[in-house]
Every structure is written in C-alpha cells, then in structure tokens.
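Residue numbers (our numbering), protein chains in the order written: chain A, 2 to 401; chain B, -15 to 269. Here's the structure, in structure tokens; my notes come after.
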C-alpha cells in the first residue's frame, strides 16, 4: 500500500460546487462548465499513489491545479469529491482535533514565498512547529539549532527574515518544516521564487538531506528541468487532470500525449537522463582468461573488445588489437594485466558525462557502480538513439 | 401626497424607551454604576496626583513608546502649557473620560473586528451599522441615553464610544484580512488551533493596523469632548461650551487649545508606539 493514496479527487470552485460535480464526473469540458454555470473545475479525477521515501514531483503550468492539489494532502483545501488516504487513514474523515494532530505529526509544508513569520527570529521560526505542539522552550531551541546548522544558517539564529536573502529565507522554511520531524514534506513551488543559481543550490541541499533522511517529499513545480532533476517520479498536471505519471525517463522517452511531448521537446536529454537508462549488458565479459584464451573468445564472438572483471571488480577493457600487438611474447600472461581502466562512467551520471569518453575511444563506455562492479556498457548508438528526437516534427506542429 | 411614517416611528420609539426605563431601568443603572465607579476612581487618582508626578509619568510613557527624548520634551511641554492655561484640573477630568471611553472602545472594537475578519457574512451586517454609528448625529442617541443612564458622565462616555469605535473595528478587520495568506497557511499547516493562529500570527501581524485604529479612535473621542460637556460631563469641553454660551471668544480659544494639546499628546504617543512595533519590517538588508 502506498503511503499517500489519492483517489478520484474533484475540486470545483464556485457557489454551489456539488451542483456541477456530476457534470465534471461525466467528463464534461471544464470550459463548457465554466461558461454554463460559472464554476471552475480546479481538479478533475486525480488519482495518485505516492510511495514512502520517494521524491514525487507534481509538474504543471500555472492554473493547472498543482498548488490546489498539494493543499488537499493536509486539507488546507477540502475536495468536492474523492478520498485521500495517508498511511491507511482516510484524511477526509478526520474531525477538527484529529486534523490538527494529523498536521502536527505527519506532514509539514514549505511555501513558495516562504511563509515565514516576519515578527519572529530565525530561531523562533524554525521552532514554530514544536511551539505549536507545546514543546518546552529549551528543548525546541535545541532542536531548532540542530536544523539551523543542517541547512547552513548557523550564526543567523537571531536575525529576522527580512534581514536574510531569498535563498536564506527558504533555508529557514526548510529547517522549520524538518524541525517537527514529519514523515511527509509538502513543498509548494519551494524554489520557484529563487534565482537560478540559488535554486540549484537549494536542490542540491534537498537531495543531500534526502539521502540522509529518506522522507516522502511531494514537490510542486512549474519547471520541468527541476522536476527531472530531483524527482524519483513525476506527475504532469494539465487543466486539473493528470496527463502522465512516471519516472523522468518515462516522461522524456515515452510522453503520453501531445501536451507532454511539447513540454519535453526542449529538454536537454543528455543532462536530464542518466546513463543507467540507456546502458545494456556488456557484449563480452572476461574473467580470469589468459591472453590467448581471451583472443580466442573474442574471435569466436566476433568482438573487438572485451570487458574484464575479476573478484567481482571491474578491471578494464582489452582490445583485440592490443593483444595481437603483443605477438604472444609470453611476458604478460593474463588478459587483465593489459586491461585499460581509464574510461568508465557511473550509472547515476547524466549521459552528457559519458560523452567525452565516448569521443575519445571507439569502444562502448563501461558503466561501473559504487562497489566497483561492471553493470553495463553504453554505446554511441544508444546515446544517439536517446538524444535524437524521433518525433521532432510533431513537436514543431504543436508550437505553431 | 406622502404616507405618514414619521409619526408612528416617533410614537413607537418613545414607547419603546419608556418600556425600557420602566422594565429594565435597574439593569441600565447597574451598567451606569460600574462605569461611573471606574471613572470616578480614575478621576480621583488623576486629580489627586501632583501635576509634577503626572507630567513625569507622561514623559516616561512617551519615552517607553518612542525611545526618543525629543518626543518626551514635546509631551512635557504640551502638558505644561495646558497647566499654564489654567485648565489642568479640567484636562485631568477629560483624560479620565477619554481613558475609560478608549478602554471600552478597545474592549468592544478589537473582538468585533476579529469576528468580522473571520466571516464575510458578519461583515455585511456590521458595515452598515458602523456607517450609521459614524453618521447619525450624536444628539439623536444622547436623548435616550440621558434618559436611560441619567445626565452626566455615563451618557457622555456612551456617546463617545458609539462615535469612536467604528474605525477601530474597521482597521482591526482590515489588518487581520491583510495578513499574508501564506503565513496563515503555514501556521495552519503546522497544526495551529484557531486561537494559536490568532494569538501567534494574526494579531501580531495586524498590530500596526490595530494601533492605527486605536489612534483614530482616540482622535475621534477627543472630538466628542465638547458635545459630551453639553450633557453634563466635566472637562475642557466645558470651557469651550462656556465660551460659546457667554459669547467669550478668548475662553473658547483656550479650551480649544487645551483639546488640541491633549490630542497631540495622545496621538504622538500612540503613533510612535505603533511605529516601534513595526521595527522588524524596516531592518536594512
């Protein structure tokens, strides 16, 4: 069971939302409903499963309903119809007191314009969530100080938000959200108001914290590059309805409809996709062969190159050409002794990281993981097939 | 040509007031007594204190509110001048009435403003009532007030409160509605109760606007002192009234000057306190 389950959420804005619910549920066009009744369909039949510990990004342009959607998770907004279940609890059934307890224990939120309390210092802002819970001052200041350190704001405890830059203010927002140790972090366009450089810093900070904390993060953004960079999975929202949910590679390589296709068209895939998306098993894997045995195997397989692993560890590439040059002089016995270890890439590296190596040598680049194991190879053809846009024409049509 | 509305309204009102006096006279007298007790005690305190002490206290309050010696000097100068006009005693009586009126206006105005900020429906009801309170000539309600509470200070305070509370209600409402919605959302998202949200976020952030409201209320209350003196409230308003009745322009002028100086004292102190509350907004980057 997913940690957060969203089922058939409809949100209609207007005087009598229930009166037009049936029309929205029948799938009528939202423009028609607006023209007929003056009601705006904010969300239309949204269903999602968000797993524990993942960064789930909801991406959409302004007016797509993404900020409305995230406010349903902690019921800052109530849906017109539908259910939201968090860890098996139907959030819609919570009474006032239970809802307050739920907000205190389960989730916290980071806001686009930071939402800091301007009349309170950094320390008081970060400790706010605990203060609301009635935690005594000494204890919450200790906790707050810890998180102020974590986000790199030590020394600013007594500053007011207006004394800090935007990036620093959002660090306060992040520390405040983490200080209550919630399981789920809701981030509403948290980095959208920041300069590009600062935004990238904040993304790094979030990713670094996430490797330690493993929170469930629901992240809202209108920036596809940001979504691809930090998202484990991405949901694309258009006019209040979901267009596609999938991993960054799913979204980029198999867009579900023209809208998504137009969106991903200008993305730099070499930067957005990682090597593991295109790698394949090595054609010829050698272990403890001698030079002669290795040459024999290569000739048999019709391969010019072999990838040597020994003790579960990658040792390098041998080429048939290099071994032939040795002329069997017998000084070197094992194939692994002449293997070339110079070029390799990590599976989590963007594809563009493999390009320099690919231009230098003429064999597919080996992909080696943290443990030193060979997990695959990346050929020039695979890179070209992904980086080349197969349906650039249809994207072009959408633009006009 | 016209149907007759005036006469039935007139008769019904008179009957209603008579009914109130006969059936609930004790209730109104009890209210009047509570207000009167507080007022008399305050007046006694202010008149019993040596002017030097009073001036020193006002200086200290000015310093506490502004941390500026120039304001302290101005406030002491203004109070000294009122004394020099020969109106010290009367000024103390006026200050006592003012303080009680403002206290009542705050006790009524701020909670009403808070409720009105929470509900659009309530605001729709309250707004025309506030318009009425500010536009209807005070003599209209002074007559029944004097009948219900007796002549003198209590109806004067009542009239002052009716006239001076609306701006405080309006500015409290506005101040709370203007609080950044993201900050309010943040507070709610962390699980704040309504009371925690109000006390920790909405009131502190609306405080500059609320202080502005208190300042407006004070100024409008001072504008009522002459009318209050017409139904027997003592104070500097009396001097102005006397000047009017005796065709004595000089007497009227010094009464007017005393009112203006009192207004300056109340205004400057409450304004500078309001400004200092916003210090966190103005820190240099």
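Idealized CB from N, CA, C, for every residue including glycine.
* To do: Could you pull the start and end residues of the alpha helix (DSSP H) that residue 233 of chain B belongs to?
  => For this step, residue 233 of chain B is matched to residue 249 along the second chain. In the DSSP assignment, residue 233 of chain B falls within the unbroken alpha helix (DSSP H) covering 233 to 261.
* To do: Could you have a look at residue 220 of chain A and say whether DSSP puts it in helix, strand or coil?
  => Residue 220 of chain A sits at position 219 when you count from the first residue of the first chain. DSSP places residue 220 of chain A in strand when its eight states are reduced to three.
* Would you mind working out which of A:366, A:202 and A:98 sits nearest residue 317 of chain A, comparing C-alpha positions? => Indexing the first chain from 1 puts residue 317 of chain A at position 316. When only C-alpha atoms are compared, the closest one is A:366.
* Using the rule of at least 16 other Cβ atoms within 10 Å of the residue's Cβ for burial, across every protein chain shown, is residue 7 of chain B buried or exposed? -> Locating residue 7 of chain B in the second chain gives position 23, where the first residue counts as 1. By the Cβ-count criterion, residue 7 of chain B is exposed, with fewer than 16 other Cβ atoms from all chains shown falling within 10 Å of its own Cβ.
* Asked: In three-state DSSP terms, what is residue 463 of chain A?
  -> What the structure shows of chain A is the stretch from 2 to 401, and residue 463 of chain A is not part of that stretch, so it cannot be assessed.
* Do residue 175 of chain A and the ligand NAD come close, with the Cβ less than 7 Å from some heavy atom? -> Although the ligand NAD was asked about, the structure shown includes no ligands whatsoever.
* Asked: Checking contacts by CB at 8 Å: is residue 17 of chain A closer than that to chain B?
  -> Translated into positions along the first chain, residue 17 of chain A becomes position 16. No - not a single Cβ of chain B is within 8 Å of the one on residue 17 of chain A.
* Is DSSP giving residue 93 of chain A helix, strand or coil here? -> As a position in the first chain, residue 93 of chain A is number 92, starting the count at 1. Taken through DSSP and simplified to helix, strand or coil, residue 93 of chain A comes out as helix.
* Which first and last residues belong to the alpha helix (DSSP H) in which residue 176 of chain A is found? -> Working through the first chain from its first residue, we reach residue 176 of chain A at position 175. Residue 176 of chain A -> alpha helix (DSSP H) spans 167 to 180.
* Exposure of residue 213 of chain A, with buried meaning 16 or more beta-carbon neighbours within 10 Å -> Locating residue 213 of chain A in the first chain gives position 212, where the first residue counts as 1. Exposed is the call here.
* **Distance between residue 236 of chain B and residue 101 of chain B (C-alpha atoms, nearest Å)** => Reading the second chain from its first residue, position 117 is the one you call residue 101 of chain B. Reading the second chain from its first residue, position 252 is the one you call residue 236 of chain B. Rounded to the nearest angstrom, the two C-alpha atoms are 42 Å apart.
* Per DSSP, cross-strand counterpart(s) of residue 287 of chain A -> By 1-based counting over the first chain, the position of residue 287 of chain A is 286. Note: residue 287 of chain A sits in a beta bridge opposite A:309.
* **Beta-carbon gap between residue 349 of chain A and residue 275 of chain A smaller than 8 Å** => Start at 1 with the first residue of the first chain, and residue 349 of chain A comes out as number 348. Start at 1 with the first residue of the first chain, and residue 275 of chain A comes out as number 274. Going by C-beta atoms, residue 349 of chain A is nearer than 8 Å to residue 275 of chain A.
* Going by C-alpha distance, which of A:286, A:322, A:53 and A:121 is nearest residue 307 of chain A? -> Mapped onto the first chain, residue 307 of chain A falls at position 306. The option with the nearest alpha carbon to residue 307 of chain A is A:286.
* Please confirm if residue 120 of chain A has its CB atom under 8 Å from at least one CB of chain B. => Translated into positions along the first chain, residue 120 of chain A becomes position 119. Interface residue, yes.
* Do you know how far the Cα of residue 63 of chain A is from the Cα of residue 194 of chain A? -> In the first chain, residue 194 of chain A corresponds to position 193, counting from 1. In the first chain, residue 63 of chain A corresponds to position 62, counting from 1. When the Cα atoms are used, residue 194 of chain A and residue 63 of chain A turn out to be separated by approximately 14 Å.
* To do: Mind the definition here: the segment 166 to 184 of chain A touches the segment 139 to 151 of chain A only if three or more C-beta pairs lie below 8 Å; say whether that holds.
  => Taking a contact to require three or more Cβ pairs closer than 8 Å, the segment 166 to 184 of chain A and the segment 139 to 151 of chain A qualify as touching.
* Anything in chain B within Cβ reach of residue 105 of chain A, meaning under 8 Å, just list it in chain order. => Numbered from its first residue, the first chain carries residue 105 of chain A at position 104. Listed along chain B, the residues sitting closer than 8 Å to residue 105 of chain A by beta-carbon distance are 174 and 175.
* **DSSP state of residue 334 of chain A mapped onto helix, strand, coil** => By one-based count along the first chain, residue 334 of chain A stands at place 333. It is coil, neither helix nor strand.
* Can you tell me the Cα-Cα spacing of residue 203 of chain B and residue 256 of chain B, whole angstroms? -> Here residue 203 of chain B corresponds to residue number 219 of the second chain, with the count starting at 1. Here residue 256 of chain B corresponds to residue number 272 of the second chain, with the count starting at 1. Each residue's Cα considered, the two are about 15 Å apart.
* To do: Determine whether the Cβ of residue 77 of chain B lies closer than 8 Å to any Cβ atom of chain A.
  => Locating residue 77 of chain B in the second chain gives position 93, where the first residue counts as 1. Residue-level contact check: residue 77 of chain B does not touch chain A, since none of the beta carbons of chain A fall below 8 Å from its beta carbon.
* Asked: Of all the CB atoms in chain A, is at least one closer than 8 Å to the CB of residue -5 of chain B?
  -> The residue given as residue -5 of chain B occupies position 11 in the second chain. Not an interface residue.
* Asked: Does any C-beta atom of chain B lie closer than 8 Å to the C-beta of residue 401 of chain A?
  -> By 1-based counting over the first chain, the position of residue 401 of chain A is 400. Any reading at residue 401 of chain A needs caution, since the residue's pLDDT is 39, under 50, leaving its predicted position unreliable; the model's value is listed next. Residue 401 of chain A has a beta carbon lying at 8 Å or more from every beta carbon in chain B.
* **Range covered by the beta strand (DSSP E) that runs through residue 46 of chain A** => As a first step, residue 46 of chain A must be located in the first chain, where it is residue number 45. Run containing residue 46 of chain A: 41 to 51, per the beta strand (DSSP E) assignment.
* Using the beta-carbon of each residue, which ones in chain B are nearer than 7 Å to residue 133 of chain A? -> Residue 133 of chain A sits at position 132 when you count from the first residue of the first chain. Chain B residues near residue 133 of chain A: 174, 175, 176 and 180.
* Asked: So residue 72 of chain A and residue 166 of chain B are in contact, right, with Cβ under 8 Å, and what is the actual spacing, rounded?
  -> Stepping through the first chain from its first residue, residue 72 of chain A is reached at position 71. Stepping through the second chain from its first residue, residue 166 of chain B is reached at position 182. In fact, because the Cβ distance is near 11 Å, the residues do not count as touching under 8 Å.
* **Simplified DSSP assignment, three categories, for residue -9 of chain B** => One-based indexing of the second chain puts residue -9 of chain B at position 7. Residue -9 of chain B falls in the helix class under three-state DSSP.
* **Cβ contact (3+ pairs, closer than 8 Å) linking the segment 31 to 44 of chain B and the segment 195 to 212 of chain B** => Here the segment 31 to 44 of chain B makes no contact with the segment 195 to 212 of chain B; the two share fewer than three CB pairs at distances below 8 Å.
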